Each structure stands twice: as structure tokens, then as C-alpha cells.
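Input: a single structure, listed below in C-alpha cells.
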Amino acid sequence: MPSNFLDTTGIMVRGRFVRKLKLLLTITNLKKQGFVLQKRFPTPYHDYKENNLSELVLEDGNHFEEEEATVGSKEITKLSEEKLSDKMASCNNQYPSLSDFKELCPPGGNHSIVLYTTSLRGIRKTFRDCNTIRFLLRSFKIVYHERDVSLHLEFREELWKILGGKVIPPKLFINGRYIGGADEVVGLHETGWLGKFLEGTPTHSSDSPCTGCANIGFAICSNCCGSCKVFSANRDNNDECFVRCPDCNENGLVKCPVCC
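Adding 13 to a residue's 1-based position in the sequence shown gives its number in the working numbering.
Dropping the structure here:
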């Protein structure tokens, strides 16, 4: 066998051996580096138990956000309770009794509840305020007198005379004391004072509406049938004419004969 062929074969074998040796050395170095990194940065320990998450504490003594949120919510609740107690205390100092309200008594309202309202819906806020106070009084099931200024002109003039100006309803009077409008009445109800002021007031025996007016307080005049005009004959001149009905108001209504 020629010597050149043997030399070439030996060189090829040595080259393959050298490449394999270098590959082994590279793999060994990589393994050593990975082991060193693993030793230098150990895998963190995670506790996935729900009961232990809120109990973990850092080295400096600071708690996790969950405990901080719990403490913060407790502080907020405590502050809100203190504000509520302060508000109740100030309310107790401001309104200790019904006698602290201004004494303005409507006709027939010395020992009764009088509410001035309107049934007109032209101004929605006024109509809603009237319904709000009416609902509160009905929820206590007490007897009160509602005076609709839109149904009877005398009620409007009466309210303006009591308060000394052209005011708009609703306005509430309790036992000859002026309570106020919707904002004042709702505020008293939220603080619990409205129920105390209404103690001792007669209550309704039944919840059924009035058979004569359906709790409106007025009925159509039976003399003129709501037209405000009646036929009249002059006996001297034999003249026939229409005159103003003397029984009803400007709207052809009379006070309910059943409940008023």
C-alpha cells in the first residue's frame, strides 16, 4: 500500500479526533458555567398556599400589599364612623326639639300636619319634591292635611301670607312650626328626626282612598257641574242670564264633603 495513502488516512483520523476532543471540552465548560450560575443564583422558593400568602413578612418588617389594604380599609371605616357620629351629634345640637323651629302656624294647623303642594307638572323638580314629601308622610301612615295651591287659589294666598313672599311648594308645617321644603324634610328623615317630630300624630284607620275625592280633597261642584256658571232669571224684567256659581272656587271645585 502506498505510503502517501497511509499518511493521508492518518491525518484524517487525527483531524476527526481533534474535533471530537474540542467538542467534548466545549460541552464540559458549558456544564461547569451552568452549574456555577445555578449555585450563584438559587431558585427562589414559592409558597402557593393561600393561607400563607397574607402571613409572609419581609425582612424589614413591612407587610405585603394585602395586609396594607386591610389596615387601610379598617382606617377608612373608622374615619367614616367617626364622621357619622359627629354628624349625628351636630344634628342633635342643631335640632334638639320641635320648638327650635320657627313658629309659623297656618289656619287650623296648631295641632296638625299641613303640607302645601301643587299638582301641576310644568316644573318637574317642584312636582318631584311634592311627591317626595307626600311619600314620606304616607310611609308613616299619619293623618295630614294636604293643600294643593293649584286647585284652590286661597291656599296659595294663604301660603304667601304666612311666609311673607311668593314662595313655591312644597312646604311642611308640623304643629304650628315651619319645617321647610323638600331638602329640609328629606334631611330630617335621613337623620331620624322626622319620625320623632311626628310622634303622637293620629294615624289612618285604613289605607283605602276616600270614596268622595280619592284623597284629592276636592270634588266637582254639583251646582254648576264645574262650569262656574249657573242660570238665573230676573223676575222683574223676565230676563235670563248666567251668573257666577256661589258654591265652587275658580276651578269649579268644592271641598270634599266626605273627608274635609
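Here a beta-carbon is modelled for each residue, glycine too, at the ideal position from N, C-alpha and C. Since this is a predicted model, take the numbers as computed values, not measurements.
In this structure, residue 129 sits near residue 182, with a CB-CB distance shorter than 7 angstroms. Distances from the alpha-carbon of residue 115 to those of 199, 145, 186, 160 put 186 closest. Judged by DSSP secondary structure, residue 151 falls within the alpha helix (DSSP H) whose first and last residues are 137 to 152. Within the same chain, and ignoring the five residues on either side of residue 234 in sequence, the residues whose Cβ sits closer than 7 angstroms to its Cβ are 258, 260, 261, 265, 266, 267. Residue 159 counts as buried, since no fewer than 16 other beta carbons sit within 10 angstroms of its beta carbon.
Taken in chain order, the complete beta strand (DSSP E) segments of 3 or more residues contained in the region 179 to 223 are 184 to 187, 190 to 193. For residue 114, there is no enclosing beta strand (DSSP E), since its DSSP letter is neither H nor E. Cβ atoms of residue 191 and residue 111 stay farther apart than 8 angstroms, at about 11 angstroms. Under the Cβ criterion (8 angstroms, minimum of three pairs), the region 165 to 176 counts as touching the region 119 to 133. Per the coordinates, the alpha-carbon of residue 242 lies some 18 angstroms from the alpha-carbon of residue 166.
For residue 175, the uninterrupted alpha helix (DSSP H) segment begins and ends at 166 to 176.
Counting along the chain, residue 130 sits inside the beta strand (DSSP E) bounded by residues 126 to 130. Judged by DSSP secondary structure, residue 267 falls within the beta strand (DSSP E) whose first and last residues are 266 to 268. When secondary structure is reduced to three states using DSSP, residue 160 falls in the strand class. Taking C-beta atoms as the reference points, residue 169 and residue 162 count as a pair closer than 7 angstroms. CA-to-CA, the gap between residue 263 and residue 218 works out to about 33 angstroms. Counting along the chain, residue 155 sits inside no beta strand (DSSP E), nor does DSSP assign it H or E at all.
For residue 232, the uninterrupted beta strand (DSSP E) run begins and ends at 231 to 233, by DSSP. Taken atom to atom, the span from the alpha-carbon of residue 228 to that of residue 222 is near 6 angstroms.
Here the C-alpha atom of residue 149 lies approximately 49 angstroms from the C-alpha atom of residue 254.
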